[in-house]
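Q: Residue numbers (our numbering): 18 to 128.
The C-beta atom is built at its ideal place from N, Cα and C for all residues, glycine as well.
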């Protein structure tokens, strides 16, 4: 599917429970972000962790996860659904595989 549009990304971040941004202060730009959704009681979900390709492999993603986990420290569950090729990244932060099911409506991303 197509990635979310810029407008959709702004809406996603605006409607999130919490957001952490990674900034390149020298270039005055956002180079990565992570967001979480939550019921504000015990469950939270991290739908997006994004780091620009030229900033990957520098520890930014790991730091973003660490900081958002800190803001979610009172939650019982922090869930992430990810592709197999990045599951090892999350395993290093103590996430583990669990059976689950998802449903996708790819038509909305083709706008």
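Does the segment 53 to 60 come close enough to the segment 68 to 76 to have 3 or more Cβ pairs within less than 8 Å?
A: no
Q: Are the beta-carbon atoms belonging to residue 86 and residue 77 less than 9 Å from one another?
A: Contact: no.
Q: Excluding five sequence neighbours on each side, which residues of the same chain lie with their C-beta closer than 7 Å to the C-beta of residue 119?
A: Closer than 7 Å at the Cβ level, and outside the excluded window around residue 119, lie 98.
Q: I'd like to confirm the pairing. Which residues does DSSP put opposite residue 49 in its beta bridges?
A: 39 and 68
Q: With C-beta atoms as the reference, is residue 43 less than 9 Å away from residue 50?
A: no
Q: Determine which residues share a DSSP beta bridge with residue 96 and list them.
A: 62
Q: Using a 10 Å radius around the Cβ and a threshold of 16 neighbouring Cβ atoms, would you call residue 103 buried or exposed?
A: So residue 103 counts as exposed.
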